[in-house]
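J.:
Numbering (the numbering used here), first residue to last: 86 to 466.
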């Protein structure tokens, strides 16, 4: 009985420790938001004043509604497009595949005209009849892309019934980022995230799909996107175990950078890959980046036009504009991401890259992930 009580106490302590860390992380974000509050107020005030001074928008003005990830549609890029095509662009940013899907299904909001999504999501959206086939003749800049990205039929999820539904835009592996000062030798496997020496010094991306997939790779499962119930249960237990090492979960790359530096994180699952490495190095962190021996997930984000597009020619003009050399180059210069027009200076080991694909049951993964993040006990899975 004494031993059982001690075991219960240990579990309670661990759980308290986990949620205490999460609370500290949320407090840190709150402090950041308070400090930024005054600046946000000033920006909002200037923006409101600009609305009064700007010329009124006419009822017949062209409007393009864009759904994208941070860094894909910066203000200067948007302004140049607006001036060239005499149109107004409204950009909505997302921080996860789940948020992207939710935005596309939000009620009471105008539909989006174009969106940026990875190949697995493109296939999902095409099957849901949310995307329109693309007229490649209206996209001449695709001829400037590297040959591997011009061969759309060879990339899973981009074509259906002989028609193209997406154009590649940018990509990155999702490897392991580590602090060189705390990790002297580059880690060889994602399994290092579970190493007890890194207790409280690990960051993980808050995503059901990717966590189950990269853990499947780490465990040696041959089909990380098509898991059977037994494999799902094993992985769920493994992800519960990972909580012992976690500082917290993150969503945006900037958020991860702040956590990494302030809390002296040792290891991080790099969902944004080289984009995060670039942000960390600019912030002064001495980090390394590796593709694990078991392979790393990799995403290829593409531009697509929705079936709800109000002005298809304008939507196609946006996709073509995104492939102009100067615009694509900004991805590399500002975000540290590869573009589809020029070969990356530091090429990844393509033999160990696993392009993400559609998963066996999205809802099942999300339900399990919600329980994992909430602190549910391992024995309940």
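In this text, a Cβ means the ideal position worked out from N, Cα and C, and glycines have one as well. These figures come from a predicted structure and were not determined experimentally.
1. Measuring CB to CB, does residue 379 end up less than 7 Å from residue 300?
2. I need the straight-line Cα distance from residue 151 to residue 404, nearest angstrom please.
3. What residue from 427, 200, 192 and 441 has the CA that sits closest to residue 230's CA?
4. How far does the beta strand (DSSP E) with residue 177 in it extend, from its first residue to its last?
5. Quick check: residue 385 and residue 283, are their CB atoms within less than 7 Å of each other?
6. Grab the span of the alpha helix (DSSP H) containing residue 275 for me, first residue to last.
7. Which residue marks the beginning of the beta strand (DSSP E) containing residue 296, and which one marks its end?
8. Taking just the CA atoms, how far does residue 290 sit from residue 178?
9. For residue 403, name the three-state secondary structure that DSSP assigns.
10. Quick one: is residue 253 buried, meaning 16 or more other Cβ sit within 10 Å of its Cβ, or exposed?
11. Per DSSP, which residues does residue 373 bridge with? Please list them.
12. Just the C-alpha distance for residue 351 and residue 265, rounded to the nearest angstrom, thanks.
13. Please report how far the alpha carbon of residue 368 lies from the alpha carbon of residue 397, in whole angstroms.
14. Measuring CB atoms only, is the segment 170 to 189 touching the segment 203 to 219, in the sense that at least three cross pairs come out at less than 8 Å?
15. Once the 5 residues before and after residue 394 are set aside, which same chain residues still bring their CB inside 6 Å of it?
T.: Inspection of the coordinates gives the following:
1. no
2. 11 Å
3. 427
4. 172 to 178
5. no
6. Run containing residue 275: none; DSSP gives neither H nor E here.
7. Unbroken run through residue 296 is the alpha helix (DSSP H), 293 to 303; no beta strand (DSSP E).
8. 17 Å
9. helix
10. buried
11. 263
12. 8 Å
13. 41 Å
14. yes
15. 198 and 400
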